[in-house]
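In my numbering, the protein residues as written are 1 to 338.
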């Protein structure tokens with residue numbers, strides 16, 4: 001018996017068969033190939049073949065299969081309601097509520113919580129870590145300033161031992177002294193002028209090595225730098241107290257960029273979504289009712305969206321126009337550079 005003799009009339013479903021056989025007969029009657037139907041519905045040839053064979057265990061959940069049947073019926077110009085009703089009769093029990101889970105998820109709801117939790121859970125931890133680092137650095141700086149201030153203002157009197165901070169301050173201020181001309185000081189203190197006289201040989205002039213301990217000479221050194229409102233020693237101590245801390249925010253900017261979310265979904269209604277990255281990892285596979293999804297992966301991404309009217313997509317912070325990829329309500333496209 002030829003294939004044309006077994007075709008049912010349009011709008012009827014053969015008893016004992018699912019809607020797939022009827023869709024196949026109508027396709028053959030209109031002389032359409034599997035490739036043409038798959039191209040117009042934005043599905044692959046294997047999915048169309050499984051649908052026409054009523055091979056429901058190999059297809060996505062019934063919610064998505066109903067969309068296939070309706071789109072296929074509209075493409076063939078027949079009423080989809082009888083076929084959808086027939087689909088409910090022949091569909092396997094429990095298929096309407098069960099979703100096929102991809103690697104790492106049990107259902108669409110659990111996957112949504114996992115993705116949102118992984119992306120949203122790391123950010124508070126990072127923010128808390130940065131806040132703790134800043135608090136520890138501030139506390140250490142405050143304690144250091146207290147210790148330096150206590151060592152500079154020593155209540156033990158003039159006989160107290162010179163603190164390391166004062167020694168470092170003196171060493172820091174010494175390079176400032178060459179900016180002041182030394183000729184006037186040479187005129188006031190003849191000790192620095194070498195005069196080969198008998199008096200000099202009889203009474204040796206004290207060397208300059210003993211001068212820094214003289215309070216008068218220290219006062220002159222403190223006043224030697226013109227235009228300074230405070231003594232150089234105090235300024236040097238202030239410089240020692242200020243210890244620039246590395247900025248954790250700037251140091252982690254590259255890591256924040258590496259962790260940036262590649263894909264962002266916002267669902268206002270029920271839609272099937274399938275996302276696969278360049279490594280072949282299935283990042284999302286299932287029916288999502290509402291909420292937001294944040295995904296990471298290596299581009300390019302192969303994306304299938306069952307109802308573009310209920311989904312908004314952003315890629316690296318920029319909105320993606322789903323209408324230009326949609327055929328009917330179904331969008332199937334590749335996003336991102338390789």
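From the three backbone atoms N, C-alpha and C, an ideal C-beta is built for every residue, glycine too.
Contact check between the stretch 266-283 and the stretch 298-311: three or more CB pairs, one atom from each, fall below 8 Å, which counts as touching. For residue 315, the uninterrupted beta strand (DSSP E) segment begins and ends at 311-315. Close CB contacts of residue 328 within its chain, under the 6 Å cut and outside five residues either way in sequence, are with 71 (chain order).
A residue is called buried when at least 16 other Cβ atoms come within 10 angstroms of its Cβ; residue 308 meets this threshold and is buried. For residue 305, the enclosing beta strand (DSSP E) stretches over residues 301-305.
According to DSSP, residue 286 shares a beta bridge with 273. Note: residue 266 is bridge-paired with 292, 312 in the DSSP secondary-structure output. Here residue 269 is not near residue 331, since their CB atoms are 7 Å or more apart. Unbroken beta strand (DSSP E) runs of no fewer than 3 residues, entirely contained in the stretch 46-82, are not found. Residue burial is scored here from C-beta neighbours: residue 143 has fewer than 16 other C-beta atoms within 10 angstroms and is therefore classed as exposed. Straight-line measurement puts the Cα of residue 304 at about 18 Å from the Cα of residue 316. In terms of Cα proximity to residue 288, the closest of 282, 271, 295 is 271. Take the alpha-carbon of residue 319 and the one of residue 284: they are about 19 Å apart. In the DSSP annotation of this structure, the continuous segment of the beta strand (DSSP E) that includes residue 335 starts and ends at 330-335. A distance below 7 Å separates the beta carbons of residue 267 and residue 291. By DSSP's assignment, residue 327 forms a beta bridge with 330. Bounds of the alpha helix (DSSP H) holding residue 36 are 34-41. With a cutoff of 7 Å on beta-carbon distance, residue 52 and residue 23 are scored as near each other.
Between the alpha carbons of residue 86 and residue 50 lies a distance of about 16 Å. Scanning 130, 83, 41 for the CA closest to the CA of residue 54 turns up 83.
Residue 147 carries a helical assignment under DSSP once its states are collapsed to helix, strand and coil. Secondary structure at residue 319: strand, using DSSP grouped into helix, strand and coil. Residue 313 sits buried, since 16 or more C-beta atoms from the chains shown fall within 10 Å of its C-beta. Cβ contact annotation for residue 20 (same chain, cutoff 7 Å, sequence separation greater than five): 51, 52, 53, 54, in chain order. Residue 141 carries a helical assignment under DSSP once its states are collapsed to helix, strand and coil.
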